[in-house]
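Engineer: Chains as they are written, first to last, in my numbering: chain A, 1 to 295; chain B, 1001 to 1565; chain C, 2001 to 2348; chain D, 3001 to 3349; chain E, 4001 to 4394. Just so it is clear, CB atoms sit at the ideal spot from N, CA and C, and this is done for glycine as well. My questions all concern the structure below.
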Amino acid sequence: MTSLRFMLYQLRRNPLSIIGIVIILTFIIIAIFAPIIAPPPEGHIDPYMIPRDGYSPIPKPPNEEHLFGTTEGQYDIFYGVIWGTRSAFRVGLIVIGVVLVVGIVLGSLAGYFGGIIDEIIMRITDIFLAFPILILAMAITVALGPSPDNVIIALIIASWPSYARLIRGDILAVREEDYVEAARGMGGSHLRIITRHILPNSIYPTLVMASLDIGAVVLYAAALSFLGLGAQPGYVDWGQMISFSRNWIVGPPGNPLAYWYTVTIPGLFILLFVLGWNLLGDAFRDILDPRLSRK
Amino acid sequence: AEGEEVTEEVAEPPIKNPTIFIQATIGDAETMDPAYAYDSASNEQIQTIYDPLIFYDGASTTEFVPILATEWTISEDGKIYRFKIREGVKFHNGNDLTPSDVEYSFERGMVQDYGMGPQWMIFDPLLGIGTSSRTDDGLIPLEDITNAVEVDGQWVQFNLAAPYAPFLQILAGSWGSIVDKEWCIANGDWDGTQASYKALNDPSPGGSPLQSIANGTGPFMLERWDAGVEISLVRNDNYWGELANFERFITKVVDEWTTRKLMLEAGDADWVYVPRAYYGELEDVEGLTVYKDLPQLTADAFFFQFDISPESPFVGSGQLDGNGIPLDFFTDIDVRKGFAYAFDWETFINDALTGEGQQVASPVIEGLSYYNPDQAMYYYDLAKAEEHLRAAWGGEVWEKGFSITIAYNAGNERRKTACEILQAGLFAINPEFKVGIQVQQWPTMLRGMYMQLLPVFIIGWGADYPDPHNFVYPYMHSSGDFSEWQSYSNPEVDALIEQGIAVVDPAERQAIYYQLQELYIEDVPSFIVAQLVGRRYFRDWVQGFIFNSIDPAEIGHVYTLSKEY
Amino acid sequence: MELRAYIVRRLLLIIPVLFGVTLLIFGLLQLFSPVERAALYVTDPKQFANIAEVIEKYGLDQPVWVQYGHWITEIFQGNLGWSKVVSQPVTSAMLNFLPATLELAIFATPLIIFGGIFLGSKAAAHKDKAIDHATRLGAIVGWSLPTFWLGLMLLMVFYGLFSGLFPPERLSTEMNIVVHSEAFTQYTKLHIIDAILNGNGRVLLDSLRHLVLPVITLTVVNLAFIMRLMRSSMLEALGKGYILTARAKGLDENTVVSKHARRNALIPVLTVSGYIFAGLVNGVVITETIFNYKGLGWWAWQSAVNLDISGVLGFALFNGVLFVFTNLVVDLLYARIDPRVRLGGKVT
Amino acid sequence: MEVLVETRNLETHFPILKGVLRRPAGAVRAVDGINLTIGKGQWMGLVGESGCGKTTLGKTLLRLLSPTSGHIYFDVPNETKDEMDLLEESAANPTKLQALRRRYDLATYPSKQLKAIRRRMQLVHQDPYTSLNPRMRIKDIVAEPLAIHKLMPRKQIRDRVTEILQMVGLTDQHLRRYPHEFSGGQRQRIAIARALATNPDFIVFDEPTSALDVSVQAQILNLLGQLKRNQELTYLYITHNLTVAESVCDSIAVMYVGKIVEIGTPIELFHSPKHPYSQALVLSTPIPDPKRKRGRVVLPGEVPSPTNPPPGCRFHPRCSRTTEECERLEPELRQSGNTSWVACWHPLS
Amino acid sequence: MNELLIIRNLTVKFYTYDGVVQALDNLDLDIKQEETFGLVGETGCGKTLTALSILRLISPPGRIESGSICFNIDDGDEPIDLLAIGEEEIRAIRGSKISMIFQEPSSALNPVYTIGDQVSEVILLHRRQELVNKAIETITALLAGRNSLVNILANPMRLAERSLYQKIAQNPHSLWPRIVGRIPIMRRLLQRLKDEAKKMAISMLKEVEIPDSERVAQQYPHQLSGGMEQRAVIAMALACSPSFLIADEPTTSLDVTIQDQILELLRRLKSERESSVLYITHDLGVAAQICDRIGVMYAGSLCEIARVDDLYANPLHPYTKALLAAVPKPGEEPHAIGGTVPDPLNLPSGCRFHPRCSRAIGMCREHVPPMHELASGHFIACHNYQGETGGSSC
Ligand SMILES: Nc1ncnc2c1ncn2[C@@H]1O[C@H](COP(=O)(O)OP(=O)(O)OP(=O)(O)O)[C@@H](O)[C@H]1O
Ligand SMILES: Nc1ncnc2c1ncn2[C@@H]1O[C@H](COP(=O)(O)OP(=O)(O)OP(=O)(O)O)[C@@H](O)[C@H]1O
Ligand SMILES: [Mg+2]
Ligand SMILES: [Mg+2]
């Protein structure tokens, strides 16, 4: 409790982290109230598909009916960005959640027991880490076929190794701490030592990275969608909405910025979302930095 | 009035790169080998580097002009074609063109017979429908191939297995290009022996010795092929005919539309590939010439699967209980008709195609011979659709509804829209008619069609040569490309198709193809979504564009183009 | 000496890793059914008639290990398959597209590394001053920017408003002809260097112009990363005892920062250079795609969207190998900078 | 005197991995043949310079480290020990020997068996800032050994925790706090409370006060004395502060590079050290009295590396009395008085 | 004896997020020429801060609020206030006139530079004149050498070097060395200075009894033992023969036998160089062995100052007494001081020791006791002794 209050106190102190919190809270509200903010039109079967107002390829500028205008193919931008918040959270939270679990399990095994287990797990992570995340995720989505779920799977496969590594490293550091040895000296079981002593003290850097990475994961997912490897057209996804704008970057000769809304609005949503998590993660890092925490 | 004229002249910007024709398109050529090439990007390059025996006369798809053949005869029974070869023609490397080069060109093609290449079009007439070099017993005898084409003095003779009406059209394609025998052999290509036949038959991708080199008699010579980036051709200054108007012909691969648009607007490109979605964007741009309403020989259609595989994941429960469909769902013609009436062509053509398309009744689309403009067709009529769907499956369909998933290939927005329109139409008739739409990767989709997993799929066919046979066969014949996947089989149709190719008399053929068009509407094995009509946007300084619907190059033949005001 | 054993060990470890890399890549390939893999060769449904023939010809229905055997043998012979999208063998595609990417990297990498280090140290040295706040904000926003969006926004501005200033692709048509003419020798295929070697100012200028936007796009995000890292590791270094010692010696603040703090602060930065490399590769894919800059990244993207599996896998393999070796180089550099590693004592 | 803990030829080596394959190439011989006997109720001090192996010895005794060879007997009757030695010498009945060792020799206990014995022996670390899990409350820290050994039902645990905390001078109010809310001295009390929770017989203190100020150190030392008297405890007290050892211990062992060189009572050790190293140690310990300037002999050189200790007597390179014998032969630890042992060829008298 | 350093009213505060920490409170302290002054006290009482204040090395969020530190650079000159002079001037003093040895030798040395580099750095900085003169001498000697081929080739270069050094010699603040130092190839011209500095560094290392000092000069800190590292640090501190040396717990992390060696070394060097030392420690034993006078600190202020014999024989302040009683002695239980050190954020009012003091009176709670001289040279800040002079009260 005390440390939580302390954390909140520290958070409050840092204006940037306040901004981060506000941004993320806003997005949470948007995600929760998406059906109210942007109700799906009647007869619309799947709310996660952006409703279309006709099939014309030419985007329409913001108007009363379409607050942010429409993209090519007449997908409503407002609806897309609002509901896109949900899919952003979905991708970010699921990927990071799964990766954390996998990373914690494998990282603990490797870090705590060491030896051959460690060697094997670390060589496997080496193999995965030999690929930049986006490239590996790209190859995996290609192999699995593009769909929002496969993007999630691909990002999980591509990003668990760095977590396993990070956790392993932190566990290695904590494993030698005196209180861990004290617990061993009391006869505590491996499970108890890992869960009560090692993880609570080594998990924080990972959690910080996780909070920073939620933004990064969403960025990767958006990049995949943008490259045409993500969701099917029309799925509520910011990256894809930007890819819709791709051919409308420059307007007609007299009015080069005619279609500014198609690229700017979804882009700003991504930027703010990622920025929010980064600010928050940064604040967390500052708070959890042992050098800064009080003695 | 005088002042106005002056300003107009001033408004004409100077011609950029007057000696070069620059086009920006998407997708690179796959090969420079005429026997292997089966994609329009390659075909386009090949047809400017190599010459065929004959070529279409202007915009016509039935009249020909002599190119490397100065004259030709067709025997009465339609089985022997003879061509007199032009004299004094030189290949780019200086070698002389001889009739044996012509013989070699076709025989070499058949010897190579790349499995996914165009050679079936040569085998079909010369050795009989459905043949290829590979059989279950191994390769067909080399003599069969060498006997099909013979040199007779300055003449070259083709011996057809049966009459084959569109044979001349086939010869006008890039697969009819004439290569230099001597040069080919020097470069490791077929040397006439059995061993080399075996070794070179069905190469892997890129495995042809002529993959990236070229030596033709055409108006341009291959200067540089920066794969994926650009192809640069230079003028053949020893061309046997009139020299081309450009010193260079450059094809740039530019995937990004915005970039292509800017290139065109700035005059850095003389022609760019404009996806139809962006026609509107160029509407008011100055300095461009646009050619509109050009019918394309390509048509997408919705295909019904008559015998869905039990493994299909797209049929819901697999029963007519409102949550799926039975595997033989589409054998009921009322279902098919109901679907056809539920498709809103007007919206599709006006919105998705921005009006650049037209509804056609059958695979015999406009621009092909024997196209029947008066053929009745389906139209958007929910009442009629309801009527048929009420009747289908003894009323059970109407009562319980159904749920299916239809598929289109990733990246094809047009087909996606078509699916959505069909979905909306059916939903409007009865909310229990649930259509899911599934995007699939191209190979996955192909597999789905091949393994009969897809209850309904949307796909299209582009012409190889401008003849109705090239369309009715895949769409309707029981062993046609699409209809075989559909398990669609109508013996009457099969008989008519086989007859249609074998008769020579145009009147007779017309009757047959009119009847096939009628049968297509009656049977609805599939229904055509639209025939596309296209546009071409050139810089206004480009002159001499001739539209021929079968031309693989959207700019037509670069040989006819020039840059001037 | 321990360091040599360490290097040898690192080199030996590369073998299983590379072996694993091929396994992983091949495993991905197995996610496609034989029909699908055969269909990868098909661009048009009319070519599909021969699918069974294709499956047999390429042995796609053979047991996995047999296929792996074939595949790996081919790879050892330098044959990574055929890249459909650019109609050439994967190996030659890589060779052809490498110079363009290299050119991009040659400009972006120093900007990223030196810029990041410079700004990061500046910010740390002036902690809580205006410059620090500005860099921090810039870094965090830069780090949050979606690369592709930044690229598109640049496109919007420079293609729309100032069109023609910084054009797409690598060279303009005229310069391209010049470069490929006989009068111009392509020593390296890096246009900049070739232009200098040929003494051709116009080509040089033209290729520089074409590099501006991609380099900016590529730089911003990664620069932000290094900057942040450098700042925090610099702050950490500045808190160390030896900094106090250096100050107590009477050294001026500049020397303290640049001589005593920076070198130590560089160590953690160096350890993540692997990530910078990964960031560059990620960025290259997107940047080249957006600016139609025909390099490895563009090719990888084309391969991916066109399901050119050999292309994607070839690129991944190439990357994997490159990355493993980059890390080795980083380790060696690390040993160079940090005597504790070089002279044993902290080698783990 | 009843013996509680005894080691025979105890050795703990840490392998040094070298080369491409990371093969062991030598070892840190941190504990290198130690025979130590601690009587029940004894407060045994262990002094020596940094790196000489004190901590390693302490941890090996508690089996937090596995010895390379040698035996550790904890509360084993002397007869049994002798029997085992006899059996080993004669090699007559290996199975029986093995069975006995399994049962009595702590050095060979598998981990399951260890758990039972852990209740009876505890360790208190040097640095109270790192020995308490920063993310656990005091009550959980102190209750943990009880929970691990399931010594009592949950409800009683709380009472017991309060009781122990009172014993070390802390109150109920502290129960719900985290370690960082305490000063160093208080933390060390908590660590001691944790060690006491299971009513152990034997506690190893690894420099428990070296991170604390003198005033706090005094508090802790007082507490330890008090607890020992009340709870009938046996201590092994590791320290490098000779004055502390002198003031509190019953007996002091001096360690040098993995070996014990001298054991004796504080008085013996301080007034008539027998080993030259002990003497140097005693003389270089600063005394807080400016008037008592000792006859200074600054010991030259540094402690040799335990990786390859000097041959013969390990102290000979720094010793002023070295003879040729010292360079060749290693002196055994021999009884030199009633309560004192020394390992030296030329002990001082 | 003259005062070398006079600290008056030194107040240091830390402005933390949790509040203001008054780390030093109106500290007064005199250090005489050639004496060793010991500063003892428990952890966190402000010993290190006092030392850092003298060098003006307190970094944010800490700040020297008020006070003066007057330092007698050369005998006879007006003492200068270290807190009032400019940044340049204080830097010239750091390391040359006043230098400091830090507590933890392993963190005081930069891990990425060799010992030789780090020692010669300070020589290069503060003994440039000497170096330049030596270098000129060497070059002149070389120029006068035989007319061998090597010499003929090298001489123009040497002439250039010499003129550069002469420029520096004429004007120590000349910009030349800085300019030359920036230009990659020209930098070689300054190499001779570095070599000279290296030589001096090695002789310095010899002086602190480092065996094999040539080799050690080329080693990195992690290759040395703690005792050797501390010797290197001492060499660094003494390289410019400072008149005032601050030693902040220089032996705390070392073993007794090594500590003994280091103390002996410091004692010798101090007497050889006739400098003053401020010796900070919390070990009363060490303080007794090495100091001439001792100041006892508690929570940011001094409570007692006396000559060493006086303090141990006759401690007056209750805190000093308690501290001495807490030191373990054979045969007797150490006496603990009750209570704990106050929270620096929340210091008690009045005398800071009063909550733990057995002799606290009402006044202690309200008024800070001033420091006054009870007997000659024996200063104390305690209300119990207010008004008394001389003698002991208990
Ligand atoms: N886990 C380990 N691996 C390798 N070497 C070790 C390990 N633990 C200790 N050592 C080495 O064993 C020797 C003895 O270490 P130990 O910690 O027992 O000394 P110590 O007497 O307790 O020293 P200190 O007074 O510094 O605590 C040292 O040289 C040390 O480096
Ligand atoms: N960065 C800081 N922020 C807040 N307070 C500080 C800071 N640095 C020092 N202090 C305060 O200054 C006080 C004195 O610190 P100083 O380092 O001088 O103690 P010390 O007597 O040298 O202790 P030690 O014996 O542990 O070295 C500390 O109690 C602390 O409260
Ligand atoms: Mg120890
Ligand atoms: Mg201090």
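(1) Per DSSP, what kind of secondary structure is E4003/E in: helix, strand or coil?
(2) Roughly how many whole angstroms lie between the Cα atoms of I2192/C and N14/A?
(3) Quick check on A2070/C: buried or exposed, where buried means 16 or more other Cβ atoms within 10 Å of its Cβ?
(4) Quick check: the Cα distance between V4122/E and G2250/C, rounded to an integer number of angstroms?
(5) Give me the Cα-Cα distance between E4274/E and A4201/E, rounded to the nearest whole angstrom.
(6) Please report the distance separating the alpha-carbon of D1028/B from that of E2169/C.
(7) Below 8 angstroms, can you find three or more Cβ-Cβ pairs linking the stretch 4281-4298 of chain E to the stretch 4033-4047 of chain E?
(8) Does DSSP classify A3092/D as helix, strand or coil?
(9) Which residues in the same chain as E1230/B place their Cβ atom closer than 7 angstroms to its Cβ, once the five residues preceding and following it in sequence are excluded?
(10) Compute the minimum distance between the beta carbon of D4248/E and the heavy atoms of ligand 3, and state whether it is under 7 angstroms.
(11) Is it the case that the CB of P4344/E approaches a heavy atom of ligand 2 more closely than 7 angstroms?
(12) Let's test the definition: count the other Cβ atoms within 10 Å of the Cβ of H4173/E and tell me whether it reaches 16, buried, or not, exposed.
(13) Drop a sphere of 10 angstroms on the beta-carbon of A1214/B, count the other beta-carbons inside from all chains shown, and report buried for 16 or more, exposed for fewer.
(14) Within 8 angstroms (strictly less), CB to CB, does W1541/B reach chain C?
(15) Does L4143/E have its Cβ less than 8 angstroms from a Cβ in chain C?
(16) Between G4338/E, T4011/E, A4108/E and L4049/E, which lies nearest to S4253/E when the distance is taken from Cα to Cα?
(17) For I3238/D and W3341/D, which I take to be in contact (beta-carbon distance under 8 angstroms), what is that distance rounded to the nearest angstrom?
(18) Closest to D3206/D by CA distance: which of G3033/D, R3029/D, T3037/D and K3059/D is it?
(19) Report whether the distance from the Cβ of D3032/D to the nearest heavy atom of ligand 3 is below 7 angstroms.
(20) Is any non-hydrogen atom of ligand 2 found closer than 7 angstroms to the C-beta of I4014/E, if you look at the structure I gave you?
(21) DSSP three-state label for Y4279/E, please.
(22) Using the three-state DSSP reduction, which class does K1252/B fall into: helix, strand or coil?
(23) Do I4258/E and E3302/D have their beta-carbon atoms positioned less than 8 angstroms apart in this structure?
(24) Which whole-angstrom value is the C-beta distance of A143/A and F2032/C, which I expect to be below 8 angstroms?
(25) Could you name each continuous beta strand (DSSP E) segment of 3 residues or more that falls completely within the stretch 3089-3152 of chain D, going from the start of the chain to the end?
Structural biologist: In short:
(1) strand
(2) 47 angstroms
(3) One point to set straight first is that residue 2070/C is His, not Ala, in the sequence displayed. With fewer than 16 Cβ atoms within 10 Å of its Cβ, H2070/C is classed as exposed.
(4) 8 angstroms
(5) 21 angstroms
(6) Distance between the alpha carbons of D1028/B and E2169/C: 16 angstroms.
(7) yes
(8) coil
(9) I1250, T1251, K1252 and V1253
(10) D4248/E: no, Cβ never under 7 angstroms from ligand 3.
(11) yes
(12) exposed
(13) buried
(14) no
(15) no
(16) A4108/E
(17) Actually they do not touch by this definition, with Cβ atoms about 18 angstroms apart.
(18) K3059/D
(19) no
(20) Note that residue 4014/E is Phe in the sequence shown, not Ile. Checking the Cβ of F4014/E against ligand 2 gives yes.
(21) strand
(22) strand
(23) yes
(24) The pair is a contact, with the Cβ atoms about 7 angstroms apart (cut-off 8 angstroms).
(25) The qualifying runs are 3121-3124.
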